Amino acid sequence: MIIDVHGHWGPWFFTMEVGSVETNLAVMDRYGIDMAIVSATEAVCYDAPAGNRALADALPSSGRLYGYVTVNPRQLDAASRDLARYFGDGRFVGAKLHTDYTESPITSPQTQDALTMLAELDCPVLVHTWGRTVLDLAQSCVDRPRLRAIAGHMGADGYPYAIEAAQSCDRLYLEPSWSQAPAGRISSVLAAVDDRQLLFGTDSTLIDPASALGAVLGSGLFDTAGPVGSAGLTGPAGLTAERLAWRNAASLFDLPTS
Amino acid sequence: MPFRQIAAQLGELRITFDVDALLGAYPGKDGGITDSGELGAALREANTTAAAVASLRAALFDVHSGNDEVLATDFTPVGGLDLRDALGAERELDRLAELGVRAIRLFPDEQHAEPDFPAVRHLVRRATELGFVVLSGGDVRRFWKPYAGLGATVVFLDTHFYHLGDFLIAAREEMGFHTSTRLLNSPDAVETVASSVGVERMVYGSRTPYAESAVPRLRLARCGLSASDVALIAGTTARRLLGVDA
């Protein structure tokens, strides 16, 4: 089983045609991804309430796509209303917060307030991180004992900081999505971070899942040698692989996996 | 489909030619390979039969000895130039041509060269006149320009899918413009290039050993193109461009 914790639904402003739910499902099928948690691109890039509303209308009840309520830290009243309306309805299972589009760094007062609100709701939040900002997210978790946060892109080129961040708080999770795949990035994280803090994310349908999946496969975690267990994986490495692939996500978001 | 099954599928895709491999080491990065035998092993591990290899010694320190380094291997040698030394690069182009080298590689990011620098335009023109294929680093949105109007045969090694529209617009007018698939990793970028300007305008590049080759291989293995089109991208087109026997 594979659960993608960093997905999007909706069109992008680049040269690509990926706006439909059918495209989401087709791209998931391309790589055998069973479930994905998506945010609306409109909500991330432009208008959070309108995008959240559109996603609520578009999300199928197939059990394969789940939703993030996108939070614009500059519009906390609207975010609070959207969270009350959607979070926990069986389809929306967490929150998404993008610091760049909203020009709200993790250390900004408005994002700090947003994280406090999400912690009080026990709402897992996927936060865009890049470079050293992943350390700011870890500190935010340390400061809020109920906050559970996913470092989106695990800092991208700042993955050494993501290792340090994850080691500082066990409620900080890492997911690997990035359009670049420098050699050794995933294996470095696997060697240094508790595997109960690892998740699988793709940033699809902005980025094809091949990018994250290929990077994970390139780490050697999914060695094709040896006997095949019940989930196609064996031994201690097999448990790490399963935790990364789906077990941690299913637990964090309380997703049905039977 | 568990991860393990996807991993197994990677083994089914044979890369017959990779245009983007590097011998040598960046002093500021881990993972470089300075031994040609080790680089060959890394490529074989990635199911890759052959590769065009450029020297980081040439790109970062000394073009002459660096290029000699790859000329002494069994790889298809790619000559490096130093854009910071236009006169030396002219001489190296002539030397490489006399040695029968078919391709050169430009490293504008590493050498802090901009596309409007006189050396870039001059050396690109000279390389084209000498019949070289140019493997070009740099942002395609800006580095298309020094190649325009020359009839140059170019492979842009760093085309990111964010910049796909710019590549396609430029490639419509420049039939010699090609792109590596390394960063064409949106859900439909590979397919869009094929439908817009033709599948023969894409070549597989991995940047071994500095990037995970499993990413472009997996993208290619699971793309929506026919097996014959995949074979073109996986090496047939690059071999034709570089005059490498199958």
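Protein chains in written order, with this note's numbering: chain R, -4 to 253; chain C, 909 to 1154. C-beta atoms are modelled at their ideal positions from N, C-alpha and C, and glycine is treated no differently. Every value quoted in this text rests on a predicted model; they were computed, and no experiment measured them.
### Message
Please classify C:P1124 as buried or exposed, where buried requires at least 16 other C-beta atoms within 10 Å of its C-beta.
### Response
buried
### Whole-Å CB distance - C:A962 paired with C:L930, under 8 Å assumed
6 Å
### Task
Name the residue from R:G179, R:R166 and R:R127 whose alpha carbon lies nearest to the alpha carbon of R:C136.
R:R166
### Message
Can you check whether the C-beta of R:M112 is within less than 9 Å of a C-beta belonging to chain C?
### Response
no
### Task
Within 10 angstroms of the Cβ of C:P1095, are there 16 or more other Cβ atoms? Answer buried if so, exposed if not.
buried
### Task
Answer with yes or no whether the minimum CB distance from C:V1048 to chain R is below 9 Å.
no
### Query
Can you name the residues of chain C whose CB is closer than 8 Å to the CB of R:G2?
Result: empty, since nearest Cβ-Cβ is about 11 Å, beyond 8 Å.
### Message
Which residues of the segment 164 to 178 of chain R have a Cβ closer than 8 Å to any Cβ of chain C? Give them in chain order.
### Response
S174, Q175, A176, P177 and A178
### Residue range of the beta strand (DSSP E) that includes R:M30
M30 to A35
### Pick from R:E115, R:Q175 and R:A79 that is closest to C:R1115, judged by C-alpha positions
R:Q175
### Query
Can you tell me whether C:L995 is buried or exposed, with buried defined as 16 or more other CB within 10 angstroms of its CB?
exposed
### Message
Tell me which residues share the same chain as C:L1004 and place their Cβ nearer than 7 Å to its Cβ, disregarding the 5 neighbours each side in the sequence.
### Response
N975, G987 and I1012
### Task
For R:S206, decide whether its Cβ has a neighbour in chain C, counting only Cβ atoms nearer than 9 Å.
yes
### Query
Straight-line CA distance for C:V1158 to C:F1075?
With chain C represented from 909 up to 1154, any question about residue 1158 of chain C goes unanswered, as that position is not in the structure.
### Query
Which residues in chain C sit within 7 Å of R:R238, going by Cβ to Cβ distance?
Simply none; closest approach about 12 Å.
### Message
Tell me the residue span of the alpha helix (DSSP H) that contains R:P104.
### Response
P104 to E115
### Query
Candidates C:M1083, C:F1064 and C:A1102: which alpha carbon is nearest C:L1091's?
C:F1064
### Query
In whole angstroms, what separates the C-alpha of R:G83 from that of R:G126?
32 Å
### Query
Can you list, in chain order, the residues of the segment 1099 to 1113 of chain C whose Cβ is nearer than 8 Å to any Cβ on chain R?
T1100
### Task
Rounded to whole angstroms, what's the CA-CA distance from C:A1079 to C:R912? Just pull it up for me.
38 Å
### Query
R:V22 touches chain C at which residues, Cβ-Cβ below 8 Å?
P1095
### Message
For a cutoff of 9 Å on Cβ pairs, would you count R:R242 as touching chain C?
### Response
no
#### Entry: Secondary structure, beta strand (DSSP E): runs of 3+ residues fully inside the segment 1007 to 1052 of chain C
1011 to 1014 and 1041 to 1044
### Message
By the 9 Å beta-carbon criterion, what residues does the segment 924 to 939 of chain C contribute toward chain R?
### Response
K937, D938 and G939
### Message
Runs of 4 residues minimum, wholly inside the segment -3 to 76 of chain R: which ones carry the alpha helix (DSSP H) assignment?
### Response
16 to 26, 36 to 40 and 43 to 53
### Task
Please list the partners that C:R1080 has in chain R, where partner means a Cβ-to-Cβ separation under 9 Å.
Ordered by position in chain R, no residue passes the 9 Å Cβ test against C:R1080, which lies about 13 Å from the chain.
### Task
Answer yes or no: does any C-beta atom of chain C fall closer than 9 Å to that of R:H89?
What sits at residue 89 of chain R in the sequence shown is Gly, not His. So no, R:G89 is outside the interface.
### Query
Is the distance from the Cβ of C:R1034 to the Cβ of C:L1007 below 9 Å?
no
### Message
As an exercise, report each continuous beta strand (DSSP E) stretch of at least 3 residues that is fully enclosed by the segment 947 to 1012 of chain C, in chain order.
### Response
959 to 963 and 984 to 988
#### Entry: Start-to-end residues for the alpha helix (DSSP H) that takes in C:G1084
Premise fails: C:G1084 is in no alpha helix (DSSP H) and is neither H nor E.
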